[in-house]
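Have a look at the structure below, then the notes.
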Amino acid sequence: MYLTPPEICNLARLNRAFRGAASSDSVWESKLPQITMIYSICCLLRCTRTSLRRTSLLCYLALYPSTMTIRVTGRVCTSVSAKAMAITGIEDRRYWNWIPTEESRFHVVAYLQQIWWFEVDGVVKFPFPADIYTLSFRLHIGRFSKRLGRRVCNFEHTHGWDIKPVRFELSTSDGQQASYECCLDQIEHDDAYGNHKRGCWVDYKVGEFTVTDSDPVTEVRFSMKQIDCTHSKGGLCVDSVFIVPSDLKGRKRIGVLK
Numbered sequence: 001m002y003l004t005p006p007e008i009c010n011l012a013r014l015n016r017a018f019r020g021a022a023s024s025d026s027v028w029e030s031k032l033p034q035i036t037m038i039y040s041i042c043c044l045l046r047c048t049r050t051s052l053r054r055t056s057l058l059c060y061l062a063l064y065p066s067t068m069t070i071r072v073t074g075r076v077c078t079s080v081s082a083k084a085m086a087i088t089g090i091e092d093r094r095y096w097n098w099i100p101t102e103e104s105r106f107h108v109v110a111y112l113q114q115i116w117w118f119e120v121d122g123v124v125k126f127p128f129p130a131d132i133y134t135l136s137f138r139l140h141i142g143r144f145s146k147r148l149g150r151r152v153c154n155f156e157h158t159h160g161w162d163i164k165p166v167r168f169e170l171s172t173s174d175g176q177q178a179s180y181e182c183c184l185d186q187i188e189h190d191d192a193y194g195n196h197k198r199g200c201w202v203d204y205k206v207g208e209f210t211v212t213d214s215d216p217v218t219e220v221r222f223s224m225k226q227i228d229c230t231h232s233k234g235g236l237c238v239d240s241v242f243i244v245p246s247d248l249k250g251r252k253r254i255g256v257l258k
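Going left to right, the sequence shown walks through residues 1 to 258 as the UniProt record's numbering numbers them.
Now the structure itself:
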């Protein structure tokens with residue numbers, strides 16, 4: 001079947017015959033991850049109905065925001081909220097605050113006011129299908145809010161990100177590693193992102209890793225740190241980490257993304 005899920009759903013609206021055909025498990029079989037993964041995914045999502053029809057399972061996975069998204073192609077994308085990460089000083093409101101927002105799929109982001117030792121760590125264990133994946137941190141320089149219906153940004157606490165680079169790292173359970181360093185706040189025009197970084201959500205690519213088999217489960221550890229205590233830093237929003245197939249190029253790198 002060479003139709004995308006939206007195309008199949010559109011055909012199902014034509015008449016009862018198409019609706020019946022579109023409800024068949026055989027039509028949706030190729031749109032889901034490997035069948036051997038379905039039971040593992042259901043367990044991870046605490047879903048006891050492993051006998052769900054393929055259409056129901058696809059809808060269930062697509063609507064589950066905190067761990068994965070099934071795109072048009074049916075491939076797996078994983079996201080990790082800042083709430084699931086280990087953030088140094090997160091419990092001290094002198095340093096960090098949680099900000100509710102509609103600009104995050106998790107409806108909340110971590111906002112750093114000021115700190116000397118900046119470190120964020122996380123880990124995800126998941127039966128990724130065989131593919132090449134890219135891991136990125138989603139960050140925002142400055143604090144954003146709405147005023148009179150308009151989006152405004154406040155850079156009152158923003159400082160220290162132009163002095164020393166932040167180091168991003170990832171490692172997998174089978175020994176793969178990647179790292180990347182950059183200054184988060186640069187006054188000059190940044191061609192890599194085609195825009196100034198302040199006031200925009202930016203996906204910082206850490207690196208890629210390859211999965212050859214979904215069994216055993218892949219463990220991915222990731223971190224972001226700037227632990228040079230010669231200066232403080234602040235005014236940064238941390239939303240999430242995304243893990244997506246590397247050839248999904250349609251995703252924008254700048255702007256308000258969900």
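Glycine included, every Cβ here is placed at the ideal spot set by N, Cα and C.
Everything numeric in this text was worked out from a predicted model, so none of it was measured.
- By the neighbour-count criterion, in which 16 or more other beta carbons inside 10 Å mark a residue as buried, Leu14 falls on the exposed side.
- In the structure shown, Cys182 falls within a strand segment according to DSSP collapsed to helix, strand and coil.
- In the structure shown, the three-state DSSP call for Glu156 is coil.
- Scanning Asp215, Tyr95, Thr210, Ile243 for the CA closest to the CA of Asp203 turns up Ile243.
- When Cβ pairs closer than 8 Å are counted between the two stretches, the segment 228-245 is seen to touch the segment 123-140, the count reaching three or more.
- Here Phe155 is exposed, its C-beta having fewer than 16 other C-beta atoms within 10 Å.
- Counting along the chain, Gly207 sits inside no alpha helix (DSSP H); it lies in the beta strand (DSSP E) bounded by residues 201-211.
- The C-beta distance from Asp131 to Val211 rounds to 6 Å, short enough to meet the 8 Å contact threshold.
- In this structure, the straight-line span from the alpha carbon of Val109 to that of Ile87 is close to 12 Å.
- Inter-residue distance for Lys164 and Gly20 is about 60 Å (C-alpha atoms, whole angstroms).
- The beta carbon of Gln177 lies closer than 6 Å to those of Ser171 in the same chain, with the five residues before and after it left out.
- With a threshold of 16 other beta carbon atoms within 10 Å, Trp98 falls short and is exposed.
- If you draw a straight line from the Cα of Trp161 to the Cα of Ser79, it comes to about 25 Å.
- Secondary structure of Leu135 (DSSP, three-state): strand.
- By the criterion of a C-beta distance shorter than 8 Å, Phe144 is surrounded in its chain by Thr101, Glu103, Arg151, Val152, Cys153, Asn154, Gly199, Cys237, once the five residues flanking it on both sides are discounted.
- Beta-bridge partners of Gly122 (DSSP): Phe222.
- Judged by beta-carbon spacing, Glu219 lies beyond the 8 Å limit of Thr134, meaning their Cβ atoms are not closer than that value.
- By the 16-neighbour rule on beta-carbons within 10 angstroms, Gly175 is exposed.
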